[in-house]
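Q: Same order as they appear, the protein sequences are chains A and B. All the letters of the first sequence, read from the start, carry residue numbers 0 to 230 under numbering that gives the first Met the number 0. All the letters of the second sequence, read from the start, carry residue numbers 0 to 112 under numbering that gives the first Met the number 0.
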Amino acid sequence: MPEHRVLEIREPVLGRNDEIAAGVRADLERAGVFALNLLSSPGAGKTALLEATLTAIAGRLRAAVIVGDLQTDNDARRLAGRGAPTLQVVTGDICHLDASMVRRAIDQLGAEGIDLLFLENVGNLVCPAAFDIGEGRRVALLSVTEGEDKPRKYPTLFRTADLVLITKTDIAQHVDFDIGIAMASIMAVAPEATVLQVSSRTGVGMDAWLAWLDTQITELRTRETGNGAER
Amino acid sequence: MHEMSLMQSALDVALDHASGAGATRIVSITLRVGEISSVVPEALAFAFECMREDTLASGATLHIEPVAARCRCRACATEFHPPGAVFECPDCGRPGGEVVSGREIELSRMEIE
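(1) Does DSSP put proline 11 of chain A in a helix, a strand or coil?
(2) So, with DSSP's three-state summary, where would you put asparagine 123 of chain A?
(3) On the DSSP letters alone, give me the boundaries of the beta strand (DSSP E) that serine 107 of chain B sits inside.
(4) With burial defined as no fewer than 16 other Cβ atoms inside 10 Å of the residue's Cβ, what is the status of valine 99 of chain B: buried or exposed?
(5) Tell me whether arginine 108 of chain B is buried or exposed, calling it buried when 16 or more other Cβ atoms sit within 10 Å of its Cβ.
(6) I'd like the list of long-range same chain contacts for glutamine 7 of chain B, defined as Cβ closer than 7 angstroms, with 5 residues on each side in sequence excluded.
(7) Would you say threonine 23 of chain B and glutamate 112 of chain B are within 8 angstroms of each other, going by their C-beta atoms?
(8) Rounded to the nearest angstrom, what separates glutamate 147 of chain A and threonine 155 of chain A at their Cα positions?
(9) Mind pulling the chain A residues with CB within less than 8 angstroms of proline 94 of chain B?
(10) Can at least three beta-carbon pairs, one atom from the stretch 30 to 48 of chain A and one from the stretch 131 to 139 of chain A, be found at a separation below 8 angstroms?
(11) Could you name the residues of the same chain whose beta carbon sits closer than 8 angstroms to that of leucine 195 of chain A, not counting the 5 residues immediately before and after it, in chain order?
(12) Using three-state DSSP, classify glutamate 41 of chain B as helix, strand or coil.
(13) Leucine 96 of chain A and leucine 49 of chain A look like a contact to me (Cβ under 8 angstroms); what is the Cβ gap, rounded to whole Å?
(14) Would the beta-carbon of arginine 73 of chain B fall within 8 angstroms of that of glycine 96 of chain B?
(15) Please look up how many angstroms separate the CB atoms of alanine 42 of chain B and isoleucine 28 of chain B, rounded, as I've assumed it's under 8 angstroms.
(16) Ordered along the chain, which non-local residues of its own chain (more than five positions away) have a Cβ less than 6 angstroms from that of isoleucine 63 of chain B?
(17) Go to glycine 19 of chain B, then tell me how far its alpha helix (DSSP H) extends in each direction, as first and last residue.
(18) For proline 65 of chain B, which three-state DSSP category applies?
(19) Which ranges would you report for the beta strand (DSSP E) in the stretch 89 to 120 of chain A if only whole runs of at least 3 residues count?
(20) Quick one: which chain B residues come within Cβ less than 7 angstroms of leucine 254 of chain A?
(21) For valine 32 of chain A, collect the residues of the same chain with a Cβ closer than 6 angstroms to its Cβ; drop the 5 residues on either side in sequence, then sort them by chain order.
(22) Measuring straight from C-alpha to C-alpha, what distance separates threonine 54 of chain B and aspartate 15 of chain B?
(23) Throw me the rounded Cβ distance for the alanine 20 of chain B and leucine 6 of chain A pair, which I believe falls under 8 angstroms.
(24) So which residues of chain B does leucine 156 of chain A contact, with C-beta pairs closer than 7 angstroms?
(25) If you check the beta carbons only, do methionine 100 of chain A and threonine 85 of chain A fall under 8 angstroms apart?
(26) Using the beta-carbon of each residue, which ones in chain B are nearer than 7 angstroms to glutamate 10 of chain A?
(27) Check the Cβ of histidine 1 of chain B against every Cβ in chain A and list those closer than 8 angstroms, keeping chain order.
(28) With a threshold of 7 angstroms on Cβ separation, who are the neighbours of aspartate 169 of chain A within its own chain once the five nearest residues in sequence on each side are excluded?
(29) List the residues of chain A that serine 100 of chain B touches, going by C-beta distances under 9 angstroms, in chain order.
(30) Interface residues of chain B around arginine 15 of chain A at Cβ under 9 angstroms?
(31) Taking only three categories from DSSP, how would you classify glycine 227 of chain A?
(32) Alanine 98 of chain A and glycine 122 of chain A - do their beta-carbons sit closer together than 8 angstroms?
(33) Residues in the same chain with beta-carbon distance under 8 angstroms from histidine 80 of chain B, minus the five sequence neighbours each way, listed in chain order, please.
(34) Could you tell me whether any Cβ in chain A is nearer than 8 angstroms to the Cβ of serine 57 of chain B?
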């Protein structure tokens, strides 16, 4: 008669991804690398923001980029030649970056001597929200062309964002974008998030975005120095 | 959400534990799934049917236990069950309550022989 037993497990199931992500995060923090997960719908302006950002920080900060897309290396090509090593992850059918993809990409790219690692996620307001990829902070982009209610429609993604960047502000008036309604929508699901407005094309708002990046790097380095002293 | 890959992960963990315990078959698997975990229980059950074939879990029963969502207001510390996606405090009206429970996706227990 086979012995019947009950095993109490109590283990989280996304565990494998989260374990890998925790390892990525620890390695990056130890190396003083500030990693940013950029999430948005397709076409909200992640790559354009990176084009403008890499140009602005060239010579001052050392950056690298890992960009995920289902197909093509178009984004990596757009970002090439701006002083930041860039690696394209072609996910095939997978609609989000996960920690194992980012782990492999970082191992390939090497993160030594980098101040800023941009992780440009697959354009998708649903799935990427659920996957920790070892980032230091999450940035959700909301372009003025998408309408003001996307945060309410996709609350999980916006709720997990540290910074919400409203993009393409230079054309806001042409699409009757109402910043007040958008702010209310963001505050309803993510009242703790910082909100900035930017136009990558004209440069309006870029200073505040760059200042935010600088602050994050400084805070990370200060925390790590403190941790190092304790260790 | 990605019930297929979630179920794959759950099965991997379950099979690890089963072989570690010297089991010859898995009788049942119990998953705790949070109300706001973005997991659709029916899709998880369907994924289980597809994936348990030719494993120690091929004859196992899947139990899914829902875990209620609870939030804590960041302003007044009231705990409440969020009625919708905005997590608004029923006492003071502040949106964006902190999630205390409801996001879990957990392999809770297994019965083996």
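Beta carbons are placed, not taken as given, at the ideal position from N, Cα and C, and that holds for glycine. Computed from a prediction, not measured in an experiment: that's the story for all the values here.
A: The relevant details are as follows:
(1) Within the first sequence, the letter at position 12 stands for residue 11 of chain A. The answer is strand: DSSP assigns proline 11 of chain A an E or B state.
(2) Translated into the one-based positions of the first sequence, residue 123 of chain A becomes position 124. It is coil, neither helix nor strand.
(3) As a position in the second sequence, residue 107 of chain B is number 108, starting the count at 1. It spans 104 to 111 - the beta strand (DSSP E) in which serine 107 of chain B sits, taken as one unbroken run.
(4) Counted from its first residue, the second sequence places residue 99 of chain B at position 100. The residue is exposed, with fewer than 16 neighbouring Cβ atoms inside 10 Å.
(5) As a first step, residue 108 of chain B is located in the second sequence; it is residue number 109 there, counting from the start. The residue is buried, with at least 16 neighbouring Cβ atoms inside 10 Å.
(6) Here residue 7 of chain B refers to the residue found at position 8 when the second sequence is read from its first residue. So the list reads Met50, once near-sequence residues are dropped.
(7) Translated into the one-based positions of the second sequence, residue 23 of chain B becomes position 24. Translated into the one-based positions of the second sequence, residue 112 of chain B becomes position 113. In this structure, glutamate 112 of chain B lies closer than 8 angstroms to threonine 23 of chain B by Cβ.
(8) Mapped onto the first sequence, residue 147 of chain A falls at position 148. Mapped onto the first sequence, residue 155 of chain A falls at position 156. Distance between the alpha carbons of glutamate 147 of chain A and threonine 155 of chain A: 16 angstroms.
(9) On the second sequence, residue 94 of chain B is found 95 positions in, with the first residue counted as 1. Ordered by position in chain A, the residues that pass the 8 angstroms Cβ test against proline 94 of chain B are Met186, Ala187, Val188 and Pro190.
(10) yes
(11) Within the first sequence, the letter at position 196 stands for residue 195 of chain A. Excluding positions up to five away in sequence, the list reads Leu162, Val163, Leu164, Ile165, Gly204, Ala207, Trp208 and Trp211.
(12) Walking along the second sequence from the start, residue 41 of chain B turns up at place 42. In the structure shown, glutamate 41 of chain B sits in a helix (DSSP, three-state: H, G or I).
(13) Numbered from 1 along the first sequence, position 97 holds the residue referred to as residue 96 of chain A. Numbered from 1 along the first sequence, position 50 holds the residue referred to as residue 49 of chain A. Going by Cβ atoms, the distance from leucine 96 of chain A to leucine 49 of chain A rounds to 15 angstroms, so no, they are not a contact pair.
(14) Your numbering for residue 73 of chain B matches position 74 in the second sequence. Your numbering for residue 96 of chain B matches position 97 in the second sequence. Taking 8 angstroms as the Cβ cut-off, arginine 73 of chain B and glycine 96 of chain B qualify as a contacting pair.
(15) Here residue 42 of chain B is taken as the residue at index 43 of the second sequence, counted from 1. Here residue 28 of chain B is taken as the residue at index 29 of the second sequence, counted from 1. Their Cβ separation, rounded to whole angstroms, is 16 angstroms, which puts alanine 42 of chain B and isoleucine 28 of chain B out of contact at 8 angstroms.
(16) By one-based count along the second sequence, residue 63 of chain B stands at place 64. Closer than 6 angstroms at Cβ, skipping near neighbours: Leu30, Val32 and Pro40.
(17) Stepping through the second sequence from its first residue, residue 19 of chain B is reached at position 20. First-last of the alpha helix (DSSP H) with glycine 19 of chain B: 2 to 19.
(18) To locate residue 65 of chain B, count along the second sequence from 1; it is residue 66. Looking at proline 65 of chain B - three-state DSSP - the assignment turns out to be strand.
(19) 115 to 119
(20) For chain A, the structure presents residues 0 to 230; residue 254 of chain A sits outside this window and is missing.
(21) Reading the first sequence from its first residue, position 33 is the one you call residue 32 of chain A. Cβ within range, chain order: Ala110, Ile113 and Leu116.
(22) Residue numbering aside, residue 54 of chain B sits at position 55 when the second sequence is read from its first letter. Residue numbering aside, residue 15 of chain B sits at position 16 when the second sequence is read from its first letter. Distance between the alpha carbons of threonine 54 of chain B and aspartate 15 of chain B: 11 angstroms.
(23) What you label residue 20 of chain B is simply residue 21 of the second sequence in a count that begins at 1. What you label residue 6 of chain A is simply residue 7 of the first sequence in a count that begins at 1. Alanine 20 of chain B to leucine 6 of chain A, Cβ: 6 angstroms. Contact.
(24) The residue given as residue 156 of chain A occupies position 157 in the first sequence. Near leucine 156 of chain A there are no residues of chain B at all, since even the closest Cβ is about 10 angstroms away, more than 7 angstroms.
(25) In the first sequence, counting from the first residue as 1, residue 100 of chain A sits at position 101. In the first sequence, counting from the first residue as 1, residue 85 of chain A sits at position 86. Contact: no.
(26) Here residue 10 of chain A is taken as the residue at index 11 of the first sequence, counted from 1. In chain order: Val12, Glu105 and Leu106.
(27) Within the second sequence, the letter at position 2 stands for residue 1 of chain B. Ordered by position in chain A, the residues that pass the 8 angstroms Cβ test against histidine 1 of chain B are Cys126 and Ala129.
(28) By one-based count along the first sequence, residue 169 of chain A stands at place 170. The answer, listed in chain order, is Ser198, Arg200, Thr201 and Val203.
(29) Mapped onto the second sequence, residue 100 of chain B falls at position 101. The contacting residues do not exist; serine 100 of chain B stays about 13 angstroms from chain A at best.
(30) On the first sequence, residue 15 of chain A is found 16 positions in, with the first residue counted as 1. Result: Ser8, Asp11 and Val12.
(31) One-based indexing of the first sequence puts residue 227 of chain A at position 228. Glycine 227 of chain A: helix per DSSP, three-state reduction.
(32) Here residue 122 of chain A corresponds to residue number 123 of the first sequence, with the count starting at 1. Here residue 98 of chain A corresponds to residue number 99 of the first sequence, with the count starting at 1. Against a cut-off of 8 angstroms, the Cβ pair of alanine 98 of chain A and glycine 122 of chain A comes out as no contact.
(33) Stepping through the second sequence from its first residue, residue 80 of chain B is reached at position 81. Same-chain partners within the cutoff: Ala67, Ala68, Arg69 and Cys70.
(34) Here the question's residue 57 of chain B lines up with position 58 in the second sequence. Taking Cβ atoms only, chain A never reaches closer than 8 angstroms to serine 57 of chain B, which makes this a no.
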